Amino acid sequence: MSKNFCIKFFLIGLAVIVFTFPQAAPANDKDDLEGYWNGYYGKIFPAEKSTFFWDVLAKARVDECFYGLQDARNRPSFNAVFPGDFSSAQINACISDTGKPKVNQAYVWGLAKSGDHVWFGTVANTLCLVFNGFYGPLTPSPMVNESWACEMNYKDVRPPRIFMYDTKTKQLTDKTQSVLDSGTADRTRLMTTSGLRSAGAHKNVVILGGIASGGVSMFAFNARTGDYLGSILYTQYNNIRQWRVINNELYTGVGKRSGGEVLRWTGSVSDPFQFETVGELTGDPAYLVKHDNRIFASTWGGPSDSGGTVLYMSPLFGSDKKLTAADAANWKIKWKLSDYEVEPAAFQVGGALESFDGYLYWGTMHVPGTGLVYFSQMYPDAEAGVAAFLGTYRPIVLFRGKQFETKKERIELLYGTSHLPKYDTAAARWTIVPNNMGQAPKYGLAGINNFFNNYTWAMQVYKDQLFIGTMDWLYLGGAIAGSLGIEIPENIVTLARSRFDGADLWTFQSAGRPADPVNLNGMSNYLNYGIRTMVADKDFLYIGTANPMNLATDPTKPDGGWELIRLYDQKTKNKLMYLD
Numbered sequence: 013m014s015k016n017f018c019i020k021f022f023l024i025g026l027a028v029i030v031f032t033f034p035q036a037a038p039a040n041d042k043d044d045l046e047g048y049w050n051g052y053y054g055k056i057f058p059a060e061k062s063t064f065f066w067d068v069l070a071k072a073r074v075d076e077c078f079y080g081l082q083d084a085r086n087r088p089s090f091n092a093v094f095p096g097d098f099s100s101a102q103i104n105a106c107i108s109d110t111g112k113p114k115v116n117q118a119y120v121w122g123l124a125k126s127g128d129h130v131w132f133g134t135v136a137n138t139l140c141l142v143f144n145g146f147y148g149p150l151t152p153s154p155m156v157n158e159s160w161a162c163e164m165n166y167k168d169v170r171p172p173r174i175f176m177y178d179t180k181t182k183q184l185t186d187k188t189q190s191v192l193d194s195g196t197a198d199r200t201r202l203m204t205t206s207g208l209r210s211a212g213a214h215k216n217v218v219i220l221g222g223i224a225s226g227g228v229s230m231f232a233f234n235a236r237t238g239d240y241l242g243s244i245l246y247t248q249y250n251n252i253r254q255w256r257v258i259n260n261e262l263y264t265g266v267g268k269r270s271g272g273e274v275l276r277w278t279g280s281v282s283d284p285f286q287f288e289t290v291g292e293l294t295g296d297p298a299y300l301v302k303h304d305n306r307i308f309a310s311t312w313g314g315p316s317d318s319g320g321t322v323l324y325m326s327p328l329f330g331s332d333k334k335l336t337a338a339d340a341a342n343w344k345i346k347w348k349l350s351d352y353e354v355e356p357a358a359f360q361v362g363g364a365l366e367s368f369d370g371y372l373y374w375g376t377m378h379v380p381g382t383g384l385v386y387f388s389q390m391y392p393d394a395e396a397g398v399a400a401f402l403g404t405y406r407p408i409v410l411f412r413g414k415q416f417e418t419k420k421e422r423i424e425l426l427y428g429t430s431h432l433p434k435y436d437t438a439a440a441r442w443t444i445v446p447n448n449m450g451q452a453p454k455y456g457l458a459g460i461n462n463f464f465n466n467y468t469w470a471m472q473v474y475k476d477q478l479f480i481g482t483m484d485w486l487y488l489g490g491a492i493a494g495s496l497g498i499e500i501p502e503n504i505v506t507l508a509r510s511r512f513d514g515a516d517l518w519t520f521q522s523a524g525r526p527a528d529p530v531n532l533n534g535m536s537n538y539l540n541y542g543i544r545t546m547v548a549d550k551d552f553l554y555i556g557t558a559n560p561m562n563l564a565t566d567p568t569k570p571d572g573g574w575e576l577i578r579l580y581d582q583k584t585k586n587k588l589m590y591l592d
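Heads up, the sequence shown is in the working numbering, so the first residue is 13 and it goes up one at a time.
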């Protein structure tokens with residue numbers, strides 16, 4: 013069955029699943045699965061009651077004129093200004109020439125803070141890159157709608173940009189040109205990097221790491237002066253996602269063809285690219301955090317990979333409070349996705365994790381529709397249609413654990429579902445069975461009660477609370493439907509956009525209570541479908557958004573492209589009013 017057909021029936025099904033009360037389901041797979049989701053998600057969110065404030069510090073701007081799918085003028089218009097933005101005159105000229113202003117830079121993909129400076133790297137047209145990279149035979153054709161354009165076949169790739177925001181002067185400086193001017197090798201590395209997925213700052217050095225043609229590229233800067241220090245390409249690696257300063261040491265995780273490594277940075281301003289391998293894992297370590305005198309890592313991996321999606325725990329820190337090469341082979345798997353999940357084709361990877369109030373918290377990530385790909389591979393004789401989509405779809409699941417490696421070790425299901433769809437190969441049909449933990453969720457449904465929350469994208473402790481940022485794909489699904497000419501009842505669209513559209517930001521105030529919503533509509537821009545990155549200091553939580561709506565450039569409407577946001581509480585707001 014085609015992807016278009018699956019999307020159509022899935023979105024129509026959501027009209028029933030999300031907005032009606034549970035009803036008895038007829039005895040067939042599609043209706044049974046709709047009844048399953050309906051039984052869980054028959055209610056609407058309460059309105060958020062935020063005690064926080066935020067403002068947008070910087071925003072992606074128009075950097076291309078889009079003339080239409082496959083038009084030869086598109087990329088040259090970008091090249092003419094890169095790494096700059098269009099002026100007002102250039103935007104008007106684009107419109108006069110029957111073009112559409114386009115904003116390519118989509119995510120604040122890597123984010124770090126050093127002193128008064130917030131550094132970040134971007135990625136362009138991420139949605140199009142996901143379409144190309146995740147869906148295999150279900151990859152859609154080139155598409156254009158009012159929100160975005162995807163030319164596909166990697167024609168949407170644009171080089172990333174590097175920015176430094178000065179929190180004192182409130183000035184945004186583009187540091188990309190310093191890389192381009194440094195020499196042929198540096199320029200080539202940046203131009204062949206599809207995005208800067210990570211950023212770390214320590215000991216007066218900022219390093220931005222990304223996914224490049226042929227490996228993982230890194231670009232280093234002097235954090236105090238902003239001077240460019242150089243770049244390097246690691247061909248043995250294929251992914252890098254997060255850096256963490258732990259016990260005054262900087263760590264990062266990198267993926268490779270088989271498994272991954274945890275690295276401890278041993279460099280300096282004069283020699284920035286020095287690392288020691290302190291963890292050898294069978295999965296790709298995506299997120300890292302310190303908890304109980306160790307480092308924990310959540311990993312990426314497909315259902316059939318040896319590493320899969322697991323939670324790793326390092327050995328205890330030594331007397332020097334750091335990990336060394338002697339620890340590399342001694343990491344342990346403390347949890348794996350199959351401890352909860354019953355269906356191996358329900359593809360999920362490790363999401364963000366954080367240590368808070370005595371517990372380690374972690375979540376999952378799920379790309380909608382990828383379960384269909386794995387379902388077709390695992391069950392080639394089964395029908396990979398609407399039922400398979402509903403059977404393998406998963407909103408994010410949140411867990412927490414404490415007292416690891418003791419007799420009191422405990423792992424709890426916080427947000428999930430007590431029962432899950434599982435494909436019965438003998439009966440050639442879907443069944444609903446208890447999750448493998450045998451637990452009911454402590455606080456609520458998977459997705460933190462939002463069916464459309466599919467990524468646990470960021471966690472950060474700020475003001476003694478645990479903040480969790482998600483990806484919410486509702487608007488994305490609606491836009492896909494619009495581009496395919498699929499009609500969704502107007503009342504469903506109106507209701508969804510008033511309550512669900514845009515990324516969610518939640519906070520746990522303590523371990524003894526459920527998460528409270530801070531904002532459920534993309535920090536006041538529903539096109540921000542993700543809270544991608546977060547970093548905190550004593551006064552502010554800095555947030556980088558994910559927003560690939562590259563054609564949303566009408567100045568009278570919400571804009572596409574990344575946003576850098578600062579969030580603060582009432583005490584800090586009072587301080588700002590006094591200073592101003």
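C-beta atoms are modelled at their ideal positions from N, C-alpha and C, and glycine is treated no differently. As the structure is a computational prediction, the values presented were derived from the model and not from experiment.
Per DSSP, the continuous beta strand (DSSP E) segment holding residue 362 begins and ends at 361-368. In the pairwise beta carbon analysis, the stretch 110-117 is classified as not touching the stretch 145-152: fewer than three pairs are separated by under 8 Å. DSSP places residue 371 in the uninterrupted beta strand (DSSP E) bounded by 371-377.
For residue 572, the secondary structure class from DSSP, reduced to helix, strand or coil, is coil. If you look at residue 139, you'll find it in the alpha helix (DSSP H) that goes 138-146. In the DSSP secondary-structure assignment, residue 545 is bridged to 556. In the DSSP assignment, residue 422 falls within the beta strand (DSSP E) that extends over 422-428. Distance from the CA of residue 136 to the CA of residue 83, rounded to the nearest whole angstrom, comes to 18 Å. Within the same chain, 250 come within 8 Å of residue 269 by CB-CB distance, once the 5 residues on both sides are set aside. Residue 253 and residue 420 have their C-alpha atoms roughly 32 Å apart.
When rounded, the separation of the alpha-carbon atoms in residue 397 and residue 378 is 18 Å. Cβ atoms of residue 558 and residue 471 stay farther apart than 8 Å, at about 15 Å. Between residue 538 and residue 487, the CB-CB gap stays under 7 Å. Residue 435 is not a Cβ neighbour of residue 458, given a cutoff of 7 Å. Shortest Cα-Cα distance from residue 310 to any of 262, 275 and 363 involves 363. Per DSSP, residue 285 lies in no beta strand (DSSP E) segment and is marked neither H nor E. Taken atom to atom, the span from the alpha-carbon of residue 123 to that of residue 172 is near 13 Å.
Under the 10 Å beta carbon count, residue 417 is surrounded by fewer than 16 other beta carbons and is classified as exposed. With contacts defined as CB atoms closer than 7 Å, residue 279 and residue 297 fail to qualify as a contacting pair. Looking only at 586, 399, 361 and 389, the smallest Cα-Cα distance to residue 409 is reached by 361. Closest by C-alpha distance to residue 328, out of 342, 321, 320 and 322, is 342. Setting aside the 5 residues that flank it on each side, residue 222 is surrounded in the same chain by 205, 207, 208, 209 and 229, each with a C-beta closer than 6 Å to its C-beta; the list follows chain order.
Annotation: residue 452 is outside any alpha helix (DSSP H) and is labelled neither H nor E by DSSP. Using a C-beta cut-off of 8 Å, the stretch 171-188 makes contact with the stretch 88-102, since at least three inter-stretch Cβ pairs fall below that distance. If you ignore the 5 residues before and after residue 334, its C-beta comes within less than 7 Å of the C-beta of 259, 261 and 276, all in its own chain and listed in chain order.
Secondary structure note for residue 460: it is in no alpha helix (DSSP H), with a DSSP letter that is neither H nor E. Per the C-alpha coordinates, the member of 561, 517, 324 and 339 positioned closest to residue 330 is 339. With respect to residue 120, residue 576 sits close: the two C-beta atoms are nearer than 7 Å. Less than 7 Å divides the Cβ of residue 274 from the Cβ of residue 291.
According to the DSSP assignment, residue 203 belongs to the alpha helix (DSSP H) that extends over 196-203. Out of 102, 257, 322 and 367, the CA that lies nearest to the CA of residue 313 is found in 322. In this structure, residue 369 and residue 527 do not form a Cβ contact; the two beta carbons are roughly 13 Å apart against a cut-off of 8 Å. Counting along the chain, residue 325 sits inside the beta strand (DSSP E) bounded by residues 322-325. Straight-line measurement puts the Cα of residue 243 at about 17 Å from the Cα of residue 214. Residue environment analysis places residue 445 among the exposed positions, since fewer than 16 neighbouring C-beta atoms fall within 10 angstroms of its C-beta. At the C-beta level, residue 346 and residue 325 come within 7 Å of one another.
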